[in-house]
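Undergrad:
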Amino acid sequence: SSAHGPFRIVFICTGNICRSPAAENIFRERARRAGLLPDLAIDSAGTGDWHEGEDPDPRSAEALRASGYPDAGTARGLRDHDFLHHDLFVCMDRSHVRE
């Protein structure tokens, strides 16, 4: 990590139970394999908070496991502080950018 701390990435989808936690888990594992994990802080969130506290969708979790990736995650909504805290927002589709 740098003198300013890790580069902070957040993946964004609608409810934070399918696409964004899948992207978070895949990206984290690939960063780990590449030796980059100490330089990164990787997170995910939803544009809404209606799934707050839930595990990833079982179908998404199964697809991750079947592909050799972890299925970790607890859904949360995007918060105001995320805009100050993260360096890069990776939106899963254009609707999330608009939101």
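Here this note's numbering is used: the first residue of the sequence shown is -2, the next is one more, and so on.
Here a beta-carbon is modelled for each residue, glycine too, at the ideal position from N, C-alpha and C.
If you're wondering where the values come from, they're calculated on a predicted model, not measured in any experiment.
#1: Taking DSSP as the reference, what is the three-state secondary structure of Ile39?
#2: Is there contact between the region 49 to 63 and the region 28 to 41, where contact requires at least three CB pairs shorter than 8 Å?
#3: Please name the residue in Cys88, His78, Leu37 and Gly70 whose C-alpha comes closest to that of Ser57.
#4: Which of the three DSSP states, helix, strand or coil, is assigned to Ile14?
#5: Ends of the beta strand (DSSP E) at Leu85?
#6: CB-CB under 6 Å to Asp54, same chain, minus the five flanking residues each way: which ones, in chain order?
TA: Quick answer:
#1: strand
#2: no
#3: Gly70
#4: coil
#5: Leu85 to Cys88
#6: Ile14 and Cys15
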